[in-house]
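If you count the sequence shown from 1, position 96 lands on 96 in the UniProt record's numbering, and the numbers rise without skipping.
Each remark here refers to the structure printed beneath this line.
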Amino acid sequence: MLNNLIFVLNCGSSSVKFAILNPNNKKKYLSGLVECLFLSKTYIKWKYLGIEHKTCIGSNLSHKDALNFIFDEFLLEKKDIFNNIIGIGHRVVHGGNKIKSSVLVDDDIIQLIQNAIPFAPLHNPVNLIGIKIAIEKFPAFSKKNVAVFDTSFYQNMPETSFLYAIPYFFYKKYRIRRYGAHGTSHHYVASEAAVILNKSFNSLNIITCHLGNGASVSAVCNGICVDTSMGLTPLEGLVMGTRSGDIDPSIIFFMHQKLGMSIDEIHTILTKKSGLLGLSGISSDFRYFEKNYYFEKNAKLSVDIFCHRLSKYIASYMALMENRLDAIVFTGGIGENVPLIREITLSKLFLIGFKVDIKRNFTIKNGKHGLITTDTSRPAFVIPTDEELAIAQETIKIIS
Ligand code: ADP
1 MLNNLIFVLN CGSSSVKFAI LNPNNKKKYL SGLVECLFLS KTYIKWKYLG
51 IEHKTCIGSN LSHKDALNFI FDEFLLEKKD IFNNIIGIGH RVVHGGNKIK
101 SSVLVDDDII QLIQNAIPFA PLHNPVNLIG IKIAIEKFPA FSKKNVAVFD
151 TSFYQNMPET SFLYAIPYFF YKKYRIRRYG AHGTSHHYVA SEAAVILNKS
201 FNSLNIITCH LGNGASVSAV CNGICVDTSM GLTPLEGLVM GTRSGDIDPS
251 IIFFMHQKLG MSIDEIHTIL TKKSGLLGLS GISSDFRYFE KNYYFEKNAK
301 LSVDIFCHRL SKYIASYMAL MENRLDAIVF TGGIGENVPL IREITLSKLF
351 LIGFKVDIKR NFTIKNGKHG LITTDTSRPA FVIPTDEELA IAQETIKIIS
């Protein structure tokens with residue numbers, strides 16, 4: 001039924017995703033993505049009433065440009081569904097140390113999201129742009145905006161996982177700890193896996209890999225997230241599109257002291273010029289690596305480093321599983337669409353019981369879900385994430 005619809009905004013580091021859906025019956029009336037922000041051609045792709053469309057909307061567009069386009073031009077043409085929206089849900093990456101669950105947005109919450117910018121410098125600012133533009137464009141919904149935080153899923157991690165081995169004082173006074181990110185996605189695909197495996201969520205032991213421009217792995221034991229690869233900020237952990245993931249902190253001292261680089265310059269290198277982009281010197285887009293893996297030396301090396309680190313994380317999380325691992329899940333733009341990285345990663349995990357089924361693995365992409373390992377292997381699944389649905393479900397819970 002065309003009522004009780006939620007508008008969901010998910011402003012990522014390089015894209016703006018949006019959807020209008022009914023969280024009760026899970027029906028998605030409209031979903032869309034503005035991608036290739038800050039590149040020579042920015043596109044909007046959308047699916048409306050089951051039909052897919054794509055068009056170029058300009059060049060070098062920012063998040064603000066994309067949101068203005070969505071609100072001023074795009075949505076206004078879709079009055080039938082637009083008039084049935086009852087609330088707006090926003091993905092916010094970092095809730096800092098004060099926000100533990102989804103909340104109605106007000107001035108205090110905006111301030112707390114602002115305060116957490118140092119912990120998510122690529123994300124919280126664009127999440128705030130989304131919130132502020134939504135409130136400005138739709139004053140009637142100003143008390144119906146809900147912020148759903150990627151950090152909530154990690155609030156029950158044990159101290160053994162979230163504390164860094166630096167003087168305890170930094171945690172006590174400044175709350176420097178591992179907060180994690182992508183929690184909405186990890187939680188969603190783990191819940192879907194529980195359904196596939198016919199298990200209750202609180203008896204689930206699973207390792208979930210969210211691999212997109214940002215990438216992270218989470219270990220869930222008895223339904224509780226017990227560790228994750230992202231840390232104080234979404235910079236720690238896996239190799240990402242433009243982020244370095246784990247490095248020896250001494251590299252920063254070397255760049256600063258021996259190379260004379262400023263802290264801002266080093267920050268830009270590690271967050272915007274590293275990862276796949278830094279290694280290849282060419283692109284952060286996985287489509288490039290998939291196409292050139294067998295032909296370009298740097299493309300192959302970059303992918304091999306990506307998979308090497310991912311497989312090390314997965315293998316180390318086996319130690320947290322209390323005698324049983326039910327499955328591994330791959331999700332996110334890369335996890336869902338690139339059989340190559342799933343094959344390379346799982347082949348490194350042969351010793352702990354994983355064997356990829358080449359045919360199954362190759363056929364699962366473009367929104368399909370399913371098993372990608374052989375019948376005798378421990379199971380690994382591809383489960384497309386649906387952060388929009390998860391956010392809409394949280395939003396309706398809070399506004400009602
Ligand atoms: P984020 O939400 O962090 O911006 P996504 O989950 O959308 O990221 O994933 C983006 C990544 O997924 C990019 O590296 C992109 O190239 C890759 N990707 C998306 N679709 C495909 C595809 N069909 N084939 C290969 N790579 C893809």
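Note that CB positions come from ideal geometry on N, CA and C, so glycine has one too.
Quick caveat, the model's predicted, so the values are computed rather than measured.
Note down, in chain order, each residue of its chain lying with its Cβ closer than 6 Å to the Cβ of residue 405, except the 5 sequence neighbours on either side. There is no way to answer for residue 405, as the model of the chain reaches only from 1 to 400.
For the beta strand (DSSP E) holding Asp326, just list the boundary residues, first then last. Premise fails: Asp326 is in no beta strand (DSSP E) and is neither H nor E.
Residues in its own chain within less than 7 Å of Gly130 by CB, not counting five upstream and five downstream? Short of 7 Å from the beta carbon of Gly130, and not among the five residues preceding or following it, lie these beta carbons of its own chain, in chain order: Leu9, Cys11, Leu67, His90.
Distance cut-off 7 Å: Val303 Cβ against heavy atoms of the ligand ADP: Result no, Cβ not under 7 Å from the ligand ADP.
Among the residues of its own chain, which have a CB less than 8 Å from the CB of Val105, if the five just before and after it don't count? His90, Ile131, Ile135, Asn145, Val146, Ala147, listed in sequence order.
May I ask you to report which of helix, strand or coil DSSP gives Val8? Under the three-state reduction of DSSP, Val8 is assigned to strand.
Between Ile166, Tyr168, Arg178, which lies nearest to Pro158 when the distance is taken from Cα to Cα? Comparing Cα positions, the closest option is Arg178.
Environment of Ala165 [buried if 16+ CB atoms lie within 10 Å]: Result: exposed.
Are Gly95 and Asn115 closer than 8 Å when you measure CB to CB? Against a cut-off of 8 Å, the Cβ pair of Asn115 and Gly95 comes out as no contact.
So the candidates are Leu21, Gly87, Leu2; which of them puts its Cα closest to the Cα of residue 402? With the chain covering 1 to 400 only, the question about residue 402 has no answer from this structure.
According to DSSP, which residues form a beta bridge with Gly370? Assignment of beta-bridge partners to Gly370 by DSSP yields Val382.
Determine which residues share a DSSP beta bridge with Lys54 and list them. Answer is Lys45, bridged to Lys54.
Limits of the alpha helix (DSSP H) - the one that Glu35 falls within: Run containing Glu35: none in the alpha helix (DSSP H); it sits in the beta strand (DSSP E), 27-35.
Check Thr376 in the structure and name its three-state DSSP category. In the structure shown, Thr376 sits in coil (DSSP, three-state: anything other than H, G, I, E or B).
On the three-state DSSP scale, how would you describe Ala299? Note: Ala299 maps to helix in three-state DSSP.
For Cys225, write down the residues that DSSP places opposite it in a beta bridge. According to DSSP, which records beta bridges pairwise, Cys225 is partnered with Val220.
Which residue comes first and which comes last in the beta strand (DSSP E) that contains Val189? Note, Val189: premise wrong, no beta strand (DSSP E); alpha helix (DSSP H) at 183-196.
Between Lys300 and Ser347, what straight-line distance do the alpha-carbon atoms span, to the nearest angstrom? As the crow flies, the alpha-carbon of Lys300 is around 16 Å from that of Ser347.
Can the beta-carbon of Asn198 be found less than 8 Å from the beta-carbon of Asn222? Going by C-beta atoms, Asn198 is not nearer than 8 Å to Asn222.
Cutoff 7 Å; reference Gly281; Cβ partners in own chain excluding five residues on either side: Excluding positions up to five away in sequence, the list reads Asn298.
Any idea if Asn24 is buried or exposed, counting beta-carbon neighbours within 10 angstroms, 16 or more meaning buried? That one is exposed.
Go through its chain and collect everything with a Cβ distance to residue 402's Cβ below 8 Å, but skip five positions before and after it. Here the chain comprises residues numbered 1 to 400, so residue 402 is not present and cannot be evaluated.
Just the C-alpha distance for Pro384 and Tyr43, rounded to the nearest angstrom, thanks. The C-alpha of Pro384 lies about 22 Å from the C-alpha of Tyr43.
CA-CA distance, Val16 and Val239? Here the alpha carbon of Val16 sits roughly 22 Å from the alpha carbon of Val239.
Please confirm whether His181 and Val93 have their CB atoms less than 8 Å apart. Sequence inspection shows Ala at residue 181; the His mentioned does not correspond to that position. Yes. Within cutoff.
Who are the Cβ neighbours of Asn156 in its own chain at under 7 Å, not counting the five residues just before and after it? So the list reads Ile224, Cys225, once near-sequence residues are dropped.
Name the DSSP bridge partner or partners of Lys17? Paired residues: Asn10, Leu33.
For the putative contact between Leu30 and Ile81, defined by C-beta atoms under 8 Å, what is the C-beta separation to the nearest angstrom? About 6 Å separates the two Cβ atoms, so the contact holds.
Candidates Lys368, Glu322, Ile269: which alpha carbon is nearest Val338's? Closest by alpha carbon: Lys368.
In angstroms with no decimal places, state the Cα-to-Cα distance between Pro167 and Ser250. Going by the C-alpha atoms only, they are around 17 Å apart.
Quick one: residues in its chain with C-beta nearer than 8 Å to the C-beta of Ile176, no 5 flanking neighbours on either side, listed in chain order? So the list reads Tyr164, Ile166, Phe170, Leu232, once near-sequence residues are dropped.
At the level of alpha carbons, what is the spacing between Phe138 and Leu76? Counting only the Cα atoms, Leu76 lies some 12 Å from Phe138.
Those residues which DSSP pairs with Cys209 across a bridge: In the DSSP output, where bridge partners are listed per residue, Cys209 has Val217, Phe330.
Can you grab the Cα-Cα spacing for the pair Phe149 / Ile117, in whole Å? Going from the Cα of Phe149 to the Cα of Ile117 covers about 13 Å.
With a threshold of 7 Å (Cβ to nearest heavy atom), would Ser13 be considered close to the ligand ADP? Because some heavy atom of the ligand ADP lies under 7 Å away, the Cβ of Ser13 counts as near it: yes.
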